[in-house]
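Take a look at the structure below.
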Amino acid sequence: MKELFYVSLFFNKGEKEYRKLMFKSLIIGYFVFLAFLFPFFSVYALVYSAFFSLCIYAFCLVLPYLLKKHFIGNLEKDLPYFLMDLDISLFLNSDFLDSIKVNSRKYKTINIVFEKLLFNYLKGSNLQDSFFKIAERINSVPLKRSLSQIMVLYESGYKDNILTTLAQELLNKQKLEAKGYSSKLVMYSLFFIAATAILPSLYLMFVTVGSTIIQVNITPTQLMILFFAVFPLIDIVYISFVVYQMPYHLKEGR
Numbered sequence: 017m018k019e020l021f022y023v024s025l026f027f028n029k030g031e032k033e034y035r036k037l038m039f040k041s042l043i044i045g046y047f048v049f050l051a052f053l054f055p056f057f058s059v060y061a062l063v064y065s066a067f068f069s070l071c072i073y074a075f076c077l078v079l080p081y082l083l084k085k086h087f088i089g090n091l092e093k094d095l096p097y098f099l100m101d102l103d104i105s106l107f108l109n110s111d112f113l114d115s116i117k118v119n120s121r122k123y124k125t126i127n128i129v130f131e132k133l134l135f136n137y138l139k140g141s142n143l144q145d146s147f148f149k150i151a152e153r154i155n156s157v158p159l160k161r162s163l164s165q166i167m168v169l170y171e172s173g174y175k176d177n178i179l180t181t182l183a184q185e186l187l188n189k190q191k192l193e194a195k196g197y198s199s200k201l202v203m204y205s206l207f208f209i210a211a212t213a214i215l216p217s218l219y220l221m222f223v224t225v226g227s228t229i230i231q232v233n234i235t236p237t238q239l240m241i242l243f244f245a246v247f248p249l250i251d252i253v254y255i256s257f258v259v260y261q262m263p264y265h266l267k268e269g270r
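If you count by our numbering, then the sequence shown holds residues 17 to 270, one letter each, in order.
Okay, structure coming up:
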């Protein structure tokens, strides 16, 4: 469903249209919140309505970019395997378009892209134009290279292992990304230990010592909020950041 949302957004609506729609939703949402909160908070309802509306608006603006990253990550993860499968089919003299259709169905995200491409072609669009439109709308260098090589094969005929060679290059790139992430993971682990163990301990020491020396006033309720809400929230945000940095071919199996 995430991929379908992304395709609907960037293939059909477009980025500018989506922003216009979200801005209209912001205005409508503000007045809806205002109507709901005004009986309870009176004047403060103006501020609360603006805050909640802007939070939802910001989330809706960021969401497509997160889904875009998710979509492109899954696409690039399966792209080398699709290219090798397509190379084998073309080597066996299978029909060009049928080979694309059959092999793309094995991979969910790639199937979405090539279904759109073939749909444009069957509607009467030139095949080269269909490839160009897909490459223009999806910001992925591996996909652009793959489409370029596939187009070369379509125009000039099959050449031995040209797609397999490209697939091996993409797999080697994935291996390098995995090694780079592994080296960063050591540093991430040290920061995680500091955030989960050292920081709360230092704060507790500061409160204990500071309450006797510099008269730091903190209530038991505030301590409970810090240790049961604030510090765990920091840990969750940090773990989410580390997972977000992980290459997509490491997150999920093929």
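Where a beta carbon is used, it is the ideal one built from N, C-alpha and C, also for glycine.
Rounded separation between residue i and residue j - CA only
i	j	result
residue 43	residue 225	50 Å
residue 161	residue 127	17 Å
residue 73	residue 112	45 Å
residue 41	residue 76	10 Å
residue 125	residue 87	7 Å
residue 69	residue 63	10 Å
residue 172	residue 145	17 Å
residue 241	residue 235	10 Å
residue 89	residue 176	28 Å
residue 103	residue 110	10 Å
residue 243	residue 199	31 Å
residue 15	residue 105	Nothing in the structure corresponds to residue 15, since the chain is present only between 17 and 270.
residue 308	residue 267	The first residue shown for the chain is 17 and the last is 270, placing residue 308 beyond what the model contains.
residue 195	residue 239	41 Å
residue 237	residue 201	35 Å
residue 223	residue 36	49 Å
residue 210	residue 143	55 Å
residue 218	residue 188	44 Å
residue 114	residue 249	51 Å
residue 139	residue 184	34 Å
Option nearest residue i by Cα separation, candidates the options
i	options	result
residue 190	95, 69 and 211	95
residue 197	262, 113 and 153	262
residue 149	157, 52, 188 and 136	136
residue 92	212, 199 and 129	129
residue 215	203, 64 and 247	247
residue 260	85, 38 and 185	85
residue 78	38, 117 and 140	38
residue 116	36, 265, 237 and 170	170
residue 245	52, 141, 221 and 212	212
residue 147	133, 182 and 67	133
residue 107	174, 219, 210 and 249	174
Other residues of its chain near residue i: CB distance less than 6 Å, five sequence neighbours each side excluded
i	result
residue 123	94 and 98
residue 193	263
residue 265	93 and 190
residue 167	147
Residues near residue i in its chain [Cβ-Cβ closer than 7 Å; skip 5 each side]
i	result
residue 206	none
residue 204	258
residue 182	99, 161, 162 and 165
residue 82	none
residue 67	none
Contacts around residue i, its chain only, beta-carbon distance under 8 Å, and the 5 residues preceding and following it disregarded
i	result
residue 253	none
residue 101	119 and 122
residue 208	251, 254, 255 and 258
residue 151	159, 160, 163 and 164
residue 180	99, 100 and 103
residue 131	120
Expected contact under 8 Å - CB spacing of residue i and residue j to nearest Å
i	j	result
residue 178	residue 165	6 Å
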